[in-house]
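Trainee: In terms of UniProt numbering, the sequence shown opens at residue 1 and continues consecutively.
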Amino acid sequence: MPPTPPRYAEVADVLRKRIKEGAYQPGDLLPSTHELCRMFDISVQTAKSAIAQLRGEGLVYAKQGKGVFVRERREILRYTGGRYGHGRPPNLQEEEDSGIFLDVDAERRQVEASPGVAARLKIQPGDKCSEAVYTWHLDGEPVMVSTQWEPLALTGGTPIETPASGERGQPDVISRYRSIGINVTEIQEDIRTRMPTPDEARVLKLTDGTPVFHITRTHLAGELPVETAEIVMRGDSFVLRNRQTI
1 MPPTPPRYAE
11 VADVLRKRIK
21 EGAYQPGDLL
31 PSTHELCRMF
41 DISVQTAKSA
51 IAQLRGEGLV
61 YAKQGKGVFV
71 RERREILRYT
81 GGRYGHGRPP
91 NLQEEEDSGI
101 FLDVDAERRQ
111 VEASPGVAAR
121 LKIQPGDKCS
131 EAVYTWHLDG
141 EPVMVSTQWE
151 PLALTGGTPI
161 ETPASGERGQ
171 PDVISRYRSI
181 GINVTEIQED
191 IRTRMPTPDE
201 ARVLKLTDGT
211 PVFHITRTHL
221 AGELPVETAE
231 IVMRGDSFVL
241 RNRQTI
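#1: Where does N242 fall in DSSP's three states?
#2: Residues in the same chain with beta-carbon distance under 6 Å from E107, minus the five sequence neighbours each way, listed in chain order, please.
#3: Between the beta-carbon of I180 and the beta-carbon of T155, is there less than 9 Å?
#4: Under the DSSP definition of a beta bridge, which residues are partnered with M233?
#5: Is E227 helix, strand or coil by DSSP?
#6: Short of 7 Å in beta carbon distance, which residues of its chain neighbour K48, apart from the five on each side in sequence? Order them along the chain.
#7: Can you tell me the Cα-Cα spacing of residue 273 and R38, whole angstroms?
#8: Is E150 helix, strand or coil when you go by DSSP?
#9: What are the boundary residues of the beta strand (DSSP E) that includes F69?
#10: Quick one: Cα of I215 to Cα of P163, how far?
#11: By Cβ distance, which residues of its chain are closer than 7 Å to D236, with the 5 residues on each side in sequence left out?
#12: Could you compute how far the alpha carbon of E186 sits from the alpha carbon of Q53?
#13: In chain order, what residues of the same chain have a beta carbon less than 6 Å from the beta carbon of R16, not counting five sequence neighbours either side?
#14: In terms of residues, what are the limits of the beta strand (DSSP E) holding L138?
#15: Is the beta carbon of D13 less than 9 Å from the beta carbon of P5?
#16: So what's D105 in DSSP terms, helix, strand or just coil?
#17: What did DSSP end up calling T218 once you bin it into helix, strand or coil?
#18: Could you give the DSSP three-state label for A62: helix, strand or coil?
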């Protein structure tokens, strides 16, 4: 005989079913914690745990001082092949294809390469790099953080010393390096799923149990790495799509 699920999970199941059946529409306000307590004869903590379960699944979101609302289920598209080499940041094509457009904040500075970054760029730890951190938002909520590094031994003193200084990260890495006579010939991406670090959970406002996609990317010109990046995306917000022409 299967074990009885926790009471909060049973309440979450009922609310989830009502959302999927349309009893609660996108944008609708869910019953408050105290209303859930009365409806299901449960404690405040059980009600909060049920809501946390739904938030972790990306079905609802909270507005400070206003309550918990049903989220419009919009999945952000990211291609896993054929993304690069079109003369502009690859996310722009994905946004146009999906009809979902993200806002981005950028921070740029010069740093000393950590041992991990140095190994990927084939430079020495402590060598100077440019660092750009992009935080992408959907409807005001952070969904992705991308941190990229480029060796100043290649870009220092050139027009591309400051990475992706244009609007929305334009121009792209390939176009920027081509402008100084370096041709990117290969891009490597390793994609993993894992649970977030505490800092990632804080920045992306993740509830317990929400995984992330973790992408490690490197642009190469022949055997020479010219850029490397760490990209962390909410697992409940993205769809990774592979396209192949046969």
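For glycine and all other residues, C-beta sits at the position ideal for the given N, C-alpha and C. Values in this document were obtained by computation on a predicted structure and should not be read as measured data.
Mentor: The short version:
#1: coil
#2: V133
#3: yes
#4: M144 and F213
#5: strand
#6: T33
#7: The question about residue 273 has no answer here: the residues shown for the chain are numbered 1 through 246.
#8: Residue state for E150 is assigned as strand, using DSSP reduced to three classes.
#9: Segment G67 to V70, the beta strand (DSSP E) holding F69.
#10: Each residue's Cα considered, the two are about 19 Å apart.
#11: E57, G58 and T210
#12: Cα to Cα, E186 sits roughly 41 Å from Q53.
#13: none
#14: K128 to L138
#15: yes
#16: strand
#17: strand
#18: strand
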